[in-house]
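Residue numbers (full-length UniProt numbering), protein chains in the order written: chain A, 1 to 428; chain B, 1 to 428; chain C, 1 to 428; chain D, 1 to 428.
Glycine included, every Cβ here is placed at the ideal spot set by N, Cα and C.
Every value quoted in this text rests on a predicted model; they were computed, and no experiment measured them.
In what follows, a structure is listed as structure tokens, so that the remarks can point back to it.
4 protein chains.
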Amino acid sequence: MKNTQSIADETQSNESTPSLPDTVQLISSLSNISELTDVFLSTRQSSLTICQNLSAEDLQAQSMPDASPLKWHLAHTSWAFETFILKPHKNNYQVFDKDYEYLFNSYYNAVGQQFPRPQRGLLTRPDLSTIFQYRKYIDEQMLALLTSPNAHVINLTHQQLEQLVLLFINHEQQHQELMLTDLKHLLSINPTYPSVDYIETLTPSKNKQMLEIDAGLFSIGHNNETFYFDNEGPRHQFYVNAFRIATELVSNAEYLAFIEDNGYQTPDHWLSEAWQKINANNINHPLYWVKKENQWFEYTLSGLVPLNLHQPVKHISYFEANAFANWCDKRLPTEQEWEVAARNHGDQLQQLFNQLWQWTSSSYAAYPGFTPPPGAIGEYNGKFMVNQYVLRGGSIVTPAGHIRCSYRNFFYPDACWQYSGIRLAETI
Amino acid sequence: MKNTQSIADETQSNESTPSLPDTVQLISSLSNISELTDVFLSTRQSSLTICQNLSAEDLQAQSMPDASPLKWHLAHTSWAFETFILKPHKNNYQVFDKDYEYLFNSYYNAVGQQFPRPQRGLLTRPDLSTIFQYRKYIDEQMLALLTSPNAHVINLTHQQLEQLVLLFINHEQQHQELMLTDLKHLLSINPTYPSVDYIETLTPSKNKQMLEIDAGLFSIGHNNETFYFDNEGPRHQFYVNAFRIATELVSNAEYLAFIEDNGYQTPDHWLSEAWQKINANNINHPLYWVKKENQWFEYTLSGLVPLNLHQPVKHISYFEANAFANWCDKRLPTEQEWEVAARNHGDQLQQLFNQLWQWTSSSYAAYPGFTPPPGAIGEYNGKFMVNQYVLRGGSIVTPAGHIRCSYRNFFYPDACWQYSGIRLAETI
Amino acid sequence: MKNTQSIADETQSNESTPSLPDTVQLISSLSNISELTDVFLSTRQSSLTICQNLSAEDLQAQSMPDASPLKWHLAHTSWAFETFILKPHKNNYQVFDKDYEYLFNSYYNAVGQQFPRPQRGLLTRPDLSTIFQYRKYIDEQMLALLTSPNAHVINLTHQQLEQLVLLFINHEQQHQELMLTDLKHLLSINPTYPSVDYIETLTPSKNKQMLEIDAGLFSIGHNNETFYFDNEGPRHQFYVNAFRIATELVSNAEYLAFIEDNGYQTPDHWLSEAWQKINANNINHPLYWVKKENQWFEYTLSGLVPLNLHQPVKHISYFEANAFANWCDKRLPTEQEWEVAARNHGDQLQQLFNQLWQWTSSSYAAYPGFTPPPGAIGEYNGKFMVNQYVLRGGSIVTPAGHIRCSYRNFFYPDACWQYSGIRLAETI
Amino acid sequence: MKNTQSIADETQSNESTPSLPDTVQLISSLSNISELTDVFLSTRQSSLTICQNLSAEDLQAQSMPDASPLKWHLAHTSWAFETFILKPHKNNYQVFDKDYEYLFNSYYNAVGQQFPRPQRGLLTRPDLSTIFQYRKYIDEQMLALLTSPNAHVINLTHQQLEQLVLLFINHEQQHQELMLTDLKHLLSINPTYPSVDYIETLTPSKNKQMLEIDAGLFSIGHNNETFYFDNEGPRHQFYVNAFRIATELVSNAEYLAFIEDNGYQTPDHWLSEAWQKINANNINHPLYWVKKENQWFEYTLSGLVPLNLHQPVKHISYFEANAFANWCDKRLPTEQEWEVAARNHGDQLQQLFNQLWQWTSSSYAAYPGFTPPPGAIGEYNGKFMVNQYVLRGGSIVTPAGHIRCSYRNFFYPDACWQYSGIRLAETI
């Protein structure tokens with residue numbers, strides 16, 4: 001990793017060197033271990049900040065198998081530091097509680113069996129105060145490790161340690177986003193529409209254009225200068241045909257026009273599997289939309305609010321994004337098209353980062369030459385590479401500095417509890 | 001209702017007048033309204049006592065659709081006083097929160113729609129402290145009503161008021177039992193086997209006999225002297241053929257012999273539907289039994305303890321009780337046989353009341369002449385009279401004074417999270 | 001078994017000696033083995049007659065797990081003679097095909113494993129012509145046994161042989177009824193409403209009265225004079241309270257009034273479990289009713305015909321029967337009430353036998369003193385005694401001579417593909 | 001379409017011009033309409049030939065929702081000619097039976113509603129002989145159209161007619177393959193392992209090499225010279241990195257080694273979703289493998305035969321193919337790699353065509369610039385482009401002449417009832 005904040009490195013023909021939006025501040029390769037320690041501590045604090053005004057009950061409940069209780073997220077992110085750093089690499093480390101190895105393992109078969117995911121909301125013990133103690137204990141142990149590595153670290157170079165710590169800082173940031181989306185889903189089920197005073201404001205869409213981008217052979221994937229997840233590499237050549245991409249995201253107004261044109265009742269627009277799903281589940285509007293007395297509202301983390309037509313439409317599934325695109329004779333971009341556009345024409349595109357995740361038409365798959373690392377860490381990404389679709393760009397609940405051009409998020413095509421929206425594309 | 005503690009009233013030929021065990025203290029017709037007020041307050045307090053050492057999270061989680069969160073029980077029992085007494089019958093009553101009508105309605109269609117039962121564990125709002133305030137508010141309002149009825153009661157005689165209050169005191173007692181069985185089920189899912197320091201000790205079985213009882217025409221059903229639920233009447237004549245009934249409950253030792261004789265692997269013993277269920281769900285021992293290193297343990301509210309062979313076997317489904325009875329060439333008693341034996345030969349039978357609910361072979365059905373009362377209260381019992389089986393006698397977690405000879409509990413034949421056991425019978 | 005065609009035998013106080021309707025011709029204890037042979041042959045022929053105008057495909061398909069293909073019925077009824085009579089009791093018997101032991105075993109665990117019931121429709125081999133050969137082979141072998149028992153029978157007295165043969169003649173008759181109801185269900189799924197030219201005509205209801213019957217102690221169960229299934233005994237005393245019973249079945253006109261009074265939309269009428277089922281499955285009329293251009297039709301074995309308002313309503317589930325009864329402030333009779341009325345007042349009741357099975361409010365359970373015979377035959381009835389409800393009286397597709405006063409049919413409370421109707425009762 | 005039998009057309013840098021295996025005889029653009037008529041008639045006859053020794057029952061049953069009854073295939077392929085050619089384009093065409101529009105529509109929403117797919121096996125009417133008449137009628141009508149188009153064709157040029165006929169000839173060929181795979185699945189459920197005397201012999205694998213192929217920019221997709229489906233185009237540029245591809249398919253011996261190395265018990269090899277599926281369904285060997293007395297057998301269309309270790313392993317799901325590849329540190333090829341290798345190095349690769357479909361790692365998606373044609377025919381392929389994976393190469397049950405280099409078959413990743421196998425690849 002090189003010491004630079006820039007993600008633009010391309011030297012190939014069709015790529016300029018755009019400046020990235022200010023909102024994207026990367027946790028990049030850090031100048032020294034004390035800087036890393038600061039980031040560690042502030043990241044750990046951020047998880048607690050999310051829970052600040054929530055009750056123990058809010059942190060306990062699990063609204064669906066795909067979501068987890070916030071208390072579980074608090075424990076699991078600590079478990080990750082304990083399992084992958086402290087246990088194997090801290091001299092004489094004493095585990096906080098040996099049961100946690102099982103209770104808070106998400107999906108690492110190489111670590112051992114896992115408590116069944118759909119039942120995480122039933123783990124009322126350990127209670128919240130014990131989990132807070134657990135976090136404190138892990139923070140202290142990590143601090144000892146980071147502040148006097150020579151005295152404590154075993155079986156690991158300092159550089160390897162830094163890389164591991166950086167990985168699990170990023171891991172905790174991923175869970176911070178999930179904490180907010182899981183919380184929103186949980187509260188949305190409550191018929192009283194609770195508010196946690198988190199205003200969801202996005203940059204409005206106001207003047208959408210289709211930006212033309214020429215064909216060419218491009219480098220795709222991380223550029224090695226900043227932190228990245230294994231699935232973002234290896235960097236490789238990819239030929240992209242000429243295409244156009246929308247400069248803005250699809251707005252609530254545009255999506256409403258689709259609904260009012262019987263979009264959810266017209267099979268032509270929908271993938272066959274999507275058509276079955278929306279009919280089986282009586283879906284005829286985005287997840288959090290609510291119609292009351294002929295007026296559309298939207299459930300948000302600040303409660304039920306009137307639908308703002310200028311805002312980008314959010315909480316859209318891949319199925320819905322694809323149907324909407326068909327309806328207006330466009331399509332979704334591939335993830336390579338998105339990356340080429342963002343990297344080289346980012347200044348002409350609005351709402352690229354930290355607004356809404358943008359569905360691409362790319363099934364989540366290994367890049368050419370990708371091999372997961374050996375051991376448990378190899379389970380981080382690789383084993384999910386089937387039947388999911390890639391989203392790019394990050395959302396308003398993605399932690400600042402967590403996102404970059406090469407970042408690949410992925411969800412099943414019917415998932416819609418993330419802050420996901422639509423950027424259109426078309427073939428020239 | 002007459003003022004008497006005795007449940008024995010029969011004057012018919014084949015019935016003696018036995019004295020009932022001391023443990024059965026009935027909430028009977030109370031001498032005056034101040035006595036009723038005391039019972040009201042102590043019953044309300046008992047619900048809180050159950051929650052004493054539990055966390056907000058313990059009270060939030062719901063382990064299965066059949067169970068409810070303890071917080072929900074706390075709210076619903078208050079809702080019942082509010083809905084059936086305060087709202088219609090207290091002058092100028094102001095509801096605590098209008099949303100509760102929907103949130104805490106269990107199954108009363110006549111009151112309105114209900115929040116879906118399987119999602120009760122997702123109602124993190126109102127939080128626990130708000131529910132405690134709700135309970136306090138209801139208690140104060142009820143106290144005002146009871147201490148100066150003339151000033152407050154509308155559309156109701158004092159006697160009707162007393163009957164209604166008595167009904168919902170009994171209703172809250174039923175929920176107290178469910179709070180403990182639902183809690184046990186929830187905690188049992190936690191792989192750390194949490195203890196809440198509640199020791200489950202039953203009278204041991206040590207000298208089981210089969211007591212012979214002659215045929216005859218008996219009066220079945222409540223005797224009108226104490227409080228009773230509508231399903232316990234009307235009292236009616238029933239001809240019972242000669243039979244024998246066990247003086248004690250089946251012990252863990254006896255049940256273990258059934259297991260070791262491949263009871264769960266031998267289809268002959270099982271009802272066809274039971275055989276499908278135990279195979280589909282890999283059931284081969286009672287719900288809370290755990291085998292560790294070839295030794296049997298049992299999960300209890302005081303944690304995991306070695307199986308005590310002399311104790312009655314508990315948490316048995318109807319399917320298991322029936323299979324066990326077949327295995328030893330006996331059968332379960334009908335509910336009429338149970339009632340006749342308990343009423344007339346109770347002193348010769350051990351573990352009759354407040355030990356374990358005892359499955360009978362009787363499908364839960366209306367007694368001859370039964371008609372549910374009109375309105376929402378008519379939904380209390382009648383609409384459940386299909387596909388469930390009657391249990392008699394009460395368990396160690398049934399509130400003292402809640403049980404009587406004519407009491408009919410009922411559950412689906414695969415249910416086993418109640419404290420249910422086996423008393424055998426046979427035809428002569 | 002005595003040689004008599006009469007099922008009326010009671011000599012007890014409250015019973016008169018009614019004459020039974022002509023339609024009830026019993027296969028009773030037969031005077032000699034040659035008479036039995038005739039009945040055997042004609043019963044076997046009847047199964048073939050049912051299939052007369054059906055294609056191999058009609059006999060192959062299985063419309064739901066509860067139903068079986070007609071080809072399977074043809075094979076299974078032959079399998080029963082082979083398994084329970086020929087194999088154990090015919091000297092040097094050679095099985096037709098050893099695979100059939102597994103393929104055509106319905107549910108007899110004592111015989112061995114069974115081919116999974118929901119997949120019976122996938123057994124395209126053996127094909128129909130092979131099954132016809134199988135039937136011929138079994139008939140020949142049985143004929144040899146019956147015509148010269150001395151030469152062929154082993155391990156069985158002649159009387160035992162006769163009883164076994166009689167049992168499996170009755171078994172085949174039961175399957176003949178199922179063949180017709182399973183066929184109707186299968187064809188009803190075909191959107192072309194096929195006809196097999198079987199006119200379903202019942203005696204119309206025209207002047208329903210409520211007949212009063214006094215309380216008393218009655219003998220319930222078979223009277224030993226004719227063939228009976230084990231579940232019809234032992235005969236025992238039962239006290240019946242005074243009641244009234246309808247002289248006729250509920251008509252389509254009456255049931256239509258229930259529908260038009262929003263019967264299916266009013267939760268008060270329905271058992272809680274029924275309410276869930278009809279809502280989950282969008283049920284709002286009897287199984288085979290079809291509304292076309294605001295007109296009610298009914299699918300029958302002679303195709304789609306306009307609903308005849310005077311005919312008894314048929315294909316009603318227990319849930320529907322119970323809801324209808326609640327709607328008109330009546331109830332269903334218990335099976336004992338039905339039997340007492342039919343036995344003693346049969347001449348005042350219309351449509352008692354061979355019209356429609358009549359739901360009773362009695363859960364299917366063992367009579368006092370009932371024990372299933374040992375071995376596989378003990379699985380015939382006993383293991384189904386849970387969660388099903390008793391029907392009495394027989395239907396138009398019940399073979400002539402198969403029915404009697406003590407006959408107990410039983411189905412799950414949501415079953416409606418049998419010819420089942422409603423006879424009302426009420427408590428005095 | 002040009003008049004040529006060759007599929008090799010490339011003129012680009014990295015492509016040689018290989019000769020294709022003899023077995024690949026394409027239904028290409030035909031020289032004249034009489035040639036087309038011959039192909040039409042022989043294709044129609046082939047469907048009947050498949051059914052030659054099967055009973056009406058074999059053609060009726062449907063073993064799972066993904067499969068269809070063979071009778072349904074016979075009808076549906078005729079329905080396709082009727083719906084897309086005869087009805088709109090034959091002057092004064094009289095439909096054979098108006099109900100068929102609904103009964104035999106597979107999934108064309110633009111044509112109208114469809115009879116529910118999982119219930120196709122319940123359509124016993126029309127019976128087999130009627131479907132044979134239907135086929136005859138369609139053949140006669142098509143023949144009239146083809147032999148004197150001037151007299152009969154409306155709203156269509158002759159060239160358009162030829163293209164449509166060619167499309168539905170290919171459509172019928174696709175169904176011929178499904179008839180055999182659906183038949184095998186159906187018969188495999190029968191515990192008697194029926195044979196239809198169809199020997200499944202493949203070219204053995206004996207000397208597998210990894211062939212190295214250089215990186216380059218290649219043309220992917222049909223070359224316009226022969227018939228192709230819309231999903232095979234448009235032809236476009238694709239950059240392929242250097243890779244190696246196996247010259248032979250994975251053999252039963254190799255796959256057995258995977259099994260014996262606990263391949264099905266080791267989570268590391270499996271995608272997360274695959275691991276859940278194989279555990280939930282107790283899968284631990286290929287679909288049709290059977291172990292008897294410690295010996296492996298395989299169910300085939302000629303019955304149960306000992307597993308031949310030299311033959312390629314078949315009936316493998318994508319999940320299994322992927323796990324096997326992981327186990328031996330290889331991977332599956334992308335569909336572009338497969339096409340490049342087949343087109344340019346086909347002579348060095350064994351078992352390319354008409355042996356087994358070969359899973360690729362490519363999720364089934366639109367090629368750049370793909371847009372489905374308008375109307376019902378647009379539903380042929382496009383709406384299935386999600387969550388399925390591409391297979392290439394064709395199988396022994398693919399009709400001769402139906403396959404080509406650019407052909408894209410696709411199935412869900414857990415599907416294994418097709419003749420699907422494994423060709424490995426690796427990154428250099």
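Distance from residue 317 (chain B) to residue 249 (chain B) at the Cβ level is roughly 15 Å; contact not present, criterion being Cβ atoms closer than 8 Å.
Judged by DSSP in its simplified three-state form, residue 263 (chain D) adopts helix.
Residue-level contact check: residue 245 (chain C) does not touch chain D, since none of the beta carbons of chain D fall below 7 Å from its beta carbon. Nearest to residue 97 (chain B) by C-alpha distance, out of B:134, B:409, B:108, B:128, is B:134. Between residue 356 (chain B) and residue 314 (chain B), the gap from beta carbon to beta carbon is short of 7 Å. Inside the segment 220-278 of chain D, DSSP marks whole beta strand (DSSP E) runs of 3 or more residues at positions 236-240, 243-246, from first to last along the chain. Taking 4 residues as the shortest admissible run, the segment 323-369 of chain D contains the following complete alpha helix (DSSP H) segments, listed from N- to C-terminal end: 335-345. Residue 184 (chain C): member of the alpha helix (DSSP H) spanning 158-189, first to last residue. Residue-level contact check: residue 133 (chain B) does not touch chain A, since none of the beta carbons of chain A fall below 7 Å from its beta carbon. Put simply, the backbone Cα of residue 338 (chain A) is about 28 Å away from that of residue 409 (chain D). Taking 7 Å as the cut-off, the Cβ atoms of residue 246 (chain A) and residue 48 (chain A) do not count as close.
Against chain C, the CB of residue 358 (chain B) has no partner CB under 7 Å away; the residue lies outside that interface. One Cα belongs to residue 427 (chain C), the other to residue 209 (chain C), and the distance between them is close to 14 Å. Per DSSP, the unbroken alpha helix (DSSP H) holding residue 71 (chain C) starts and ends at 70-81. Comparing alpha-carbon positions, the option among C:111, C:413, C:404, C:179 lying closest to residue 277 (chain C) turns out to be C:413.
Of all residues in the segment 209-243 of chain A, only 217, 236, 237, 238, 239, 241 come within less than 7 Å of chain D when Cβ atoms are compared, listed by chain position. A Cβ-Cβ distance of about 6 Å is found for the pair residue 391 (chain C) and residue 358 (chain C), placing them in contact under the 8 Å criterion. Two segments are said to touch when three or more pairs of C-beta atoms, one from each, lie closer than 8 Å; by this definition the segment 169-180 of chain A does not touch the segment 282-289 of chain A.
In this structure, DSSP gives residue 144 (chain D) a helical state, which the three-state scheme calls helix. The Cβ atoms of residue 399 (chain D) and residue 360 (chain D) lie no closer than 7 Å to each other. Using a CB distance cut-off of 7 Å, residue 293 (chain A) does not count as an interface residue toward chain B.
About 15 Å separates the CB atoms of residue 301 (chain D) and residue 290 (chain D); that is not less than 8 Å, and the two are not in contact. One finds 56, 57, 60, 124, 127, 128 in chain B with Cβ atoms closer than 7 Å to the Cβ of residue 57 (chain A), taken in chain order. Contact between residue 124 (chain A) and residue 58 (chain B) holds, with the beta-carbon distance rounding to 5 Å and staying under 8 Å. Among the residues of chain B, those whose CB is under 8 Å from the CB of residue 385 (chain C) are 271, following chain order.
Listed by position along chain D, the residues whose Cβ is nearer than 7 Å to that of residue 119 (chain C) are 189.
When A:336, A:256, A:187 are compared, the shortest CA-CA separation from residue 55 (chain A) is found for A:187.
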